[in-house]
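Written out below as C-alpha coordinates is the structure these notes cover.
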Amino acid sequence: MAMGLMALDPARWLMVDDSCPALLAERRALLAQRYGAVTGFLPGSHDAQAEVLALMADHLPRHIPGAYVRDGRRLTCHLTGEVWDLDVAGPNPLEVAGRLVAEDLCLLLPGDDGAPILAAAVLCFPNRWRLREKLGRPLAGIHAPVALYGEKLGRPVDRFLETLAPERPVWRMNWGLNDDPALFQPEEVAHTAADAALTPDNAGHRLFLRIERQTLRRLPATGAILFTIRTYQRALADLTGAEAAQLAHVLRTVPEPVARYKGLPRTAGPALGFLDRMVWASGAS
(Lines of atoms letter the chains of each structure in order from A and count residues from 1; the text may use other names and numbers.)
(Lines give C-alpha, C1' and ligand atoms only; values in the text may rest on other atoms or scores of the structure.)
Protein backbone atom coordinates (compact mmCIF):
# COMPACT_ATOMS: atom_id res chain seq x y z
CA MET A 1 0.00 0.00 0.00
CA ALA A 2 1.10 3.57 -0.67
CA MET A 3 -0.11 6.97 0.47
CA GLY A 4 -0.89 8.00 -3.11
CA LEU A 5 0.21 11.60 -2.56
CA MET A 6 0.56 14.06 -5.43
CA ALA A 7 1.88 17.62 -5.58
CA LEU A 8 -0.95 20.14 -5.16
CA ASP A 9 -1.28 23.21 -7.36
CA PRO A 10 -1.85 25.91 -4.69
CA ALA A 11 -4.46 27.56 -6.91
CA ARG A 12 -6.53 24.36 -6.67
CA TRP A 13 -6.37 24.03 -2.90
CA LEU A 14 -10.13 24.51 -2.40
CA MET A 15 -12.77 23.56 -4.95
CA VAL A 16 -15.97 25.33 -5.98
CA ASP A 17 -18.53 23.90 -8.40
CA ASP A 18 -22.29 23.81 -8.98
CA SER A 19 -22.83 21.50 -6.00
CA CYS A 20 -21.37 23.97 -3.50
CA PRO A 21 -24.52 25.99 -2.64
CA ALA A 22 -26.38 22.82 -1.62
CA LEU A 23 -23.36 21.50 0.29
CA LEU A 24 -22.90 24.78 2.15
CA ALA A 25 -26.60 24.79 3.05
CA GLU A 26 -26.28 21.26 4.41
CA ARG A 27 -23.21 22.30 6.41
CA ARG A 28 -25.13 25.23 7.92
CA ALA A 29 -27.96 22.89 8.91
CA LEU A 30 -25.58 20.39 10.54
CA LEU A 31 -23.77 23.16 12.42
CA ALA A 32 -27.15 24.36 13.71
CA GLN A 33 -28.56 20.94 14.59
CA ARG A 34 -25.52 18.75 15.37
CA TYR A 35 -22.91 21.27 16.49
CA GLY A 36 -21.35 19.04 19.12
CA ALA A 37 -20.96 16.20 16.64
CA VAL A 38 -19.43 18.16 13.77
CA THR A 39 -17.04 20.51 15.60
CA GLY A 40 -14.21 20.08 18.09
CA PHE A 41 -11.64 22.57 19.35
CA LEU A 42 -8.92 21.84 21.89
CA PRO A 43 -7.36 24.58 24.04
CA GLY A 44 -4.24 25.96 22.43
CA SER A 45 -5.50 25.60 18.86
CA HIS A 46 -6.80 29.17 18.40
CA ASP A 47 -3.73 30.61 16.66
CA ALA A 48 -3.65 27.80 14.10
CA GLN A 49 -7.39 28.15 13.55
CA ALA A 50 -6.95 31.88 12.96
CA GLU A 51 -4.17 31.19 10.47
CA VAL A 52 -6.45 28.87 8.49
CA LEU A 53 -9.13 31.55 8.27
CA ALA A 54 -6.58 34.19 7.26
CA LEU A 55 -5.18 31.94 4.51
CA MET A 56 -8.67 31.23 3.19
CA ALA A 57 -9.66 34.90 3.29
CA ASP A 58 -6.65 35.61 1.08
CA HIS A 59 -6.93 32.56 -1.18
CA LEU A 60 -10.65 32.45 -1.98
CA PRO A 61 -11.11 35.95 -3.49
CA ARG A 62 -7.88 35.65 -5.47
CA HIS A 63 -8.49 32.22 -6.95
CA ILE A 64 -12.31 32.01 -6.99
CA PRO A 65 -13.36 35.67 -7.48
CA GLY A 66 -16.78 34.80 -8.84
CA ALA A 67 -17.76 33.20 -5.55
CA TYR A 68 -15.84 35.24 -2.97
CA VAL A 69 -15.14 38.97 -2.71
CA ARG A 70 -13.04 40.69 -0.08
CA ASP A 71 -13.34 44.34 0.90
CA GLY A 72 -10.83 45.16 3.59
CA ARG A 73 -11.70 43.01 6.57
CA ARG A 74 -15.05 41.89 5.15
CA LEU A 75 -15.40 38.71 3.11
CA THR A 76 -18.53 38.03 1.06
CA CYS A 77 -19.47 34.51 0.00
CA HIS A 78 -21.78 34.85 -3.00
CA LEU A 79 -22.59 31.13 -2.79
CA THR A 80 -24.57 31.78 0.40
CA GLY A 81 -25.03 35.56 0.45
CA GLU A 82 -23.22 35.73 3.78
CA VAL A 83 -20.83 38.53 4.71
CA TRP A 84 -18.16 37.80 7.30
CA ASP A 85 -16.29 40.33 9.43
CA LEU A 86 -12.84 38.79 9.73
CA ASP A 87 -12.19 40.73 12.93
CA VAL A 88 -15.17 39.08 14.64
CA ALA A 89 -14.47 35.40 14.05
CA GLY A 90 -15.35 34.33 17.60
CA PRO A 91 -13.40 31.99 19.86
CA ASN A 92 -12.99 29.36 17.14
CA PRO A 93 -12.09 30.89 13.75
CA LEU A 94 -12.00 27.43 12.17
CA GLU A 95 -15.78 27.35 12.45
CA VAL A 96 -16.04 30.41 10.20
CA ALA A 97 -13.59 28.80 7.79
CA GLY A 98 -15.73 25.66 7.78
CA ARG A 99 -18.80 27.71 6.85
CA LEU A 100 -17.05 29.32 3.88
CA VAL A 101 -16.18 26.16 1.94
CA ALA A 102 -17.56 22.70 1.19
CA GLU A 103 -14.41 21.03 2.52
CA ASP A 104 -14.18 19.53 5.99
CA LEU A 105 -11.21 20.91 7.92
CA CYS A 106 -8.98 19.05 10.38
CA LEU A 107 -6.04 20.69 12.18
CA LEU A 108 -3.08 18.72 13.48
CA LEU A 109 -0.86 20.22 16.20
CA PRO A 110 2.00 18.73 18.22
CA GLY A 111 0.84 16.85 21.32
CA ASP A 112 2.69 16.56 24.62
CA ASP A 113 5.23 14.17 23.07
CA GLY A 114 5.62 16.24 19.91
CA ALA A 115 3.65 13.85 17.72
CA PRO A 116 0.74 15.39 15.77
CA ILE A 117 -2.72 15.12 17.31
CA LEU A 118 -6.12 16.16 15.99
CA ALA A 119 -6.51 19.51 17.76
CA ALA A 120 -9.46 21.13 15.97
CA ALA A 121 -11.94 20.23 13.27
CA VAL A 122 -15.12 21.15 11.45
CA LEU A 123 -16.26 17.77 10.13
CA CYS A 124 -19.76 17.90 8.67
CA PHE A 125 -19.37 14.94 6.32
CA PRO A 126 -17.57 12.15 8.22
CA ASN A 127 -17.44 8.76 6.57
CA ARG A 128 -17.89 6.19 9.35
CA TRP A 129 -16.07 7.97 12.17
CA ARG A 130 -17.00 10.20 15.08
CA LEU A 131 -15.03 13.38 15.64
CA ARG A 132 -15.45 13.28 19.42
CA GLU A 133 -13.72 9.89 19.54
CA LYS A 134 -10.73 11.13 17.52
CA LEU A 135 -10.19 14.62 18.95
CA GLY A 136 -6.90 14.86 20.83
CA ARG A 137 -5.63 11.53 19.51
CA PRO A 138 -2.42 10.93 17.52
CA LEU A 139 -2.50 9.62 13.98
CA ALA A 140 -2.05 6.00 15.05
CA GLY A 141 -5.13 6.27 17.24
CA ILE A 142 -7.15 8.13 14.64
CA HIS A 143 -6.38 5.55 11.96
CA ALA A 144 -6.49 2.43 14.13
CA PRO A 145 -9.52 0.98 12.27
CA VAL A 146 -7.95 1.59 8.84
CA ALA A 147 -6.90 -1.66 7.19
CA LEU A 148 -3.11 -2.15 7.06
CA TYR A 149 -2.42 1.35 8.44
CA GLY A 150 -0.24 0.15 11.30
CA GLU A 151 1.61 -2.43 9.20
CA LYS A 152 2.08 -0.46 5.98
CA LEU A 153 1.36 3.24 6.32
CA GLY A 154 1.94 4.40 9.89
CA ARG A 155 5.69 5.05 9.73
CA PRO A 156 5.72 6.47 6.17
CA VAL A 157 2.92 8.89 7.13
CA ASP A 158 4.76 9.99 10.27
CA ARG A 159 7.98 10.57 8.32
CA PHE A 160 6.16 12.46 5.60
CA LEU A 161 4.43 14.81 8.03
CA GLU A 162 7.72 15.54 9.79
CA THR A 163 9.19 16.83 6.52
CA LEU A 164 6.08 18.45 5.00
CA ALA A 165 7.04 22.00 3.96
CA PRO A 166 4.60 24.93 3.70
CA GLU A 167 5.52 25.50 0.07
CA ARG A 168 4.86 21.88 -0.91
CA PRO A 169 1.20 21.00 -0.26
CA VAL A 170 -0.07 17.63 -1.46
CA TRP A 171 -3.34 15.91 -2.27
CA ARG A 172 -4.72 12.40 -2.60
CA MET A 173 -7.99 10.59 -3.30
CA ASN A 174 -9.90 8.11 -1.17
CA TRP A 175 -13.03 6.13 -1.97
CA GLY A 176 -15.83 4.12 -0.43
CA LEU A 177 -18.99 2.30 -1.48
CA ASN A 178 -21.99 3.16 0.69
CA ASP A 179 -25.59 2.03 0.78
CA ASP A 180 -26.74 5.28 2.42
CA PRO A 181 -26.67 8.56 0.45
CA ALA A 182 -26.31 10.78 3.54
CA LEU A 183 -23.05 12.73 3.61
CA PHE A 184 -23.12 12.89 7.43
CA GLN A 185 -22.11 9.30 8.25
CA PRO A 186 -20.61 9.22 11.77
CA GLU A 187 -21.61 5.68 12.67
CA GLU A 188 -19.15 2.83 12.25
CA VAL A 189 -21.18 0.03 10.69
CA ALA A 190 -19.71 -3.46 10.82
CA HIS A 191 -20.20 -4.83 7.31
CA THR A 192 -19.61 -8.54 7.81
CA ALA A 193 -22.12 -10.20 5.53
CA ALA A 194 -23.97 -9.69 2.29
CA ASP A 195 -27.32 -7.91 2.45
CA ALA A 196 -30.05 -9.86 0.67
CA ALA A 197 -31.96 -6.62 0.09
CA LEU A 198 -29.15 -5.38 -2.17
CA THR A 199 -29.24 -6.97 -5.62
CA PRO A 200 -27.73 -6.27 -9.05
CA ASP A 201 -31.19 -5.06 -10.06
CA ASN A 202 -31.36 -2.29 -7.46
CA ALA A 203 -27.67 -1.60 -6.77
CA GLY A 204 -27.52 1.19 -9.34
CA HIS A 205 -29.79 3.36 -7.23
CA ARG A 206 -29.06 1.97 -3.76
CA LEU A 207 -25.26 2.02 -3.79
CA PHE A 208 -23.17 5.18 -3.93
CA LEU A 209 -19.55 5.72 -4.88
CA ARG A 210 -18.15 8.17 -2.34
CA ILE A 211 -14.94 9.96 -3.32
CA GLU A 212 -12.86 12.17 -1.03
CA ARG A 213 -10.38 14.70 -2.39
CA GLN A 214 -7.98 15.25 0.49
CA THR A 215 -5.27 17.90 0.80
CA LEU A 216 -2.45 18.35 3.31
CA ARG A 217 -0.49 21.53 3.89
CA ARG A 218 1.69 22.91 6.65
CA LEU A 219 0.75 26.38 7.85
CA PRO A 220 3.75 28.71 7.58
CA ALA A 221 3.23 30.76 10.75
CA THR A 222 2.12 28.22 13.37
CA GLY A 223 3.56 25.06 11.79
CA ALA A 224 0.22 23.28 12.19
CA ILE A 225 -0.89 20.84 9.49
CA LEU A 226 -4.26 21.36 7.82
CA PHE A 227 -6.06 18.35 6.35
CA THR A 228 -9.03 19.14 4.09
CA ILE A 229 -11.63 16.69 2.81
CA ARG A 230 -13.95 17.48 -0.10
CA THR A 231 -16.60 14.78 -0.54
CA TYR A 232 -18.21 13.84 -3.84
CA GLN A 233 -20.87 11.16 -4.23
CA ARG A 234 -22.75 9.53 -7.10
CA ALA A 235 -25.15 6.64 -7.43
CA LEU A 236 -23.65 3.76 -9.41
CA ALA A 237 -26.32 4.31 -12.06
CA ASP A 238 -24.85 7.76 -12.74
CA LEU A 239 -21.39 6.44 -13.66
CA THR A 240 -20.25 6.26 -17.27
CA GLY A 241 -19.45 2.91 -18.83
CA ALA A 242 -15.72 3.59 -18.53
CA GLU A 243 -16.09 4.59 -14.88
CA ALA A 244 -18.13 1.45 -14.21
CA ALA A 245 -15.39 -0.70 -15.77
CA GLN A 246 -12.73 1.00 -13.67
CA LEU A 247 -14.68 0.58 -10.43
CA ALA A 248 -15.41 -3.08 -11.22
CA HIS A 249 -11.68 -3.68 -11.67
CA VAL A 250 -10.92 -2.00 -8.34
CA LEU A 251 -13.56 -4.05 -6.53
CA ARG A 252 -12.12 -7.27 -7.93
CA THR A 253 -8.51 -6.46 -7.03
CA VAL A 254 -8.75 -4.65 -3.68
CA PRO A 255 -6.79 -6.47 -0.93
CA GLU A 256 -9.01 -8.53 1.35
CA PRO A 257 -8.27 -6.56 4.57
CA VAL A 258 -9.10 -3.32 2.74
CA ALA A 259 -12.28 -4.88 1.37
CA ARG A 260 -13.39 -5.77 4.90
CA TYR A 261 -12.56 -2.29 6.20
CA LYS A 262 -14.57 -0.67 3.40
CA GLY A 263 -17.57 -2.94 3.99
CA LEU A 264 -17.31 -4.63 0.62
CA PRO A 265 -18.52 -8.06 1.83
CA ARG A 266 -21.89 -6.34 2.08
CA THR A 267 -21.85 -4.26 -1.09
CA ALA A 268 -19.35 -5.59 -3.64
CA GLY A 269 -21.40 -8.52 -4.94
CA PRO A 270 -24.50 -6.53 -5.93
CA ALA A 271 -22.28 -3.68 -7.15
CA LEU A 272 -20.30 -5.96 -9.46
CA GLY A 273 -23.45 -7.52 -10.82
CA PHE A 274 -24.79 -4.10 -11.73
CA LEU A 275 -21.47 -2.72 -12.99
CA ASP A 276 -20.82 -5.70 -15.25
CA ARG A 277 -24.21 -5.24 -16.89
CA MET A 278 -23.52 -1.54 -17.31
CA VAL A 279 -20.11 -2.18 -18.87
CA TRP A 280 -21.55 -4.78 -21.27
CA ALA A 281 -24.39 -2.46 -22.31
CA SER A 282 -22.04 0.47 -22.92
CA GLY A 283 -19.39 -1.53 -24.76
CA ALA A 284 -16.71 -0.26 -22.37
CA SER A 285 -13.93 -2.52 -21.15
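Add 1332 to the 1-based position in the sequence shown for my numbering, that's all there is to it.
From the three backbone atoms N, C-alpha and C, an ideal C-beta is built for every residue, glycine too.
Quantities reported herein were computed from a predicted structural model and do not represent experimental measurements.
For residue 1611, the closest C-alpha among the options 1574, 1587, 1424, 1603 is that of 1574. When 1495, 1397, 1382, 1469 are compared, the shortest CA-CA separation from residue 1445 is found for 1469. The residues 1439, 1441, 1451, 1452, in chain order, have a CB closer than 7 Å to that of residue 1377 in the same chain once the five nearest residues on each side in sequence are set aside. Contact annotation: residue 1504 and residue 1337 have beta-carbon atoms nearer than 8 Å. Leaving aside the five residues that flank residue 1535 on each side, the residues in its chain whose CB is nearer than 7 Å to its CB run, in chain order, 1568, 1602, 1603, 1605, 1606.
With fewer than 16 other Cβ atoms from the protein chains shown falling within 10 Å of its own Cβ, residue 1520 counts as exposed. At a Cβ-Cβ threshold of 8 Å, residue 1552 and residue 1501 do not count as neighbours.
Less than 8 Å separates the beta-carbon of residue 1400 from that of residue 1408. Per the DSSP secondary-structure output, residue 1564 pairs in a beta bridge with 1543. Leaving aside the five residues that flank residue 1532 on each side, the residues in its chain whose CB is nearer than 6 Å to its CB run, in chain order, 1602, 1605, 1606. Following the DSSP letters along the chain, one finds residue 1556 in no beta strand (DSSP E), marked with neither H nor E. Just measuring C-alpha positions, the residue of 1463, 1433, 1472, 1460 sitting nearest residue 1443 is 1472.
Under the DSSP assignment, residue 1468 falls outside any beta strand (DSSP E); it carries neither an H nor an E label.
Residue 1429 and residue 1580 have their C-alpha atoms roughly 37 Å apart.
When secondary structure is reduced to three states using DSSP, residue 1612 falls in the helix class. Take residue 1427, set aside five residues on each side of it, and the residues of its chain with a beta-carbon closer than 7 Å to its own are 1371, 1454, in chain order. Assigned with DSSP and collapsed to three states, residue 1347 falls in coil, not helix or strand. Counting other Cβ atoms within 10 Å of its Cβ, residue 1389 reaches 16 or more and is therefore classed as buried. Taking all protein chains shown into account, residue 1595 has 16 or more neighbouring C-beta atoms within 10 Å of its C-beta and is therefore buried. Assignment of residue 1335 by DSSP, reduced to helix, strand and coil, places it in the coil class.
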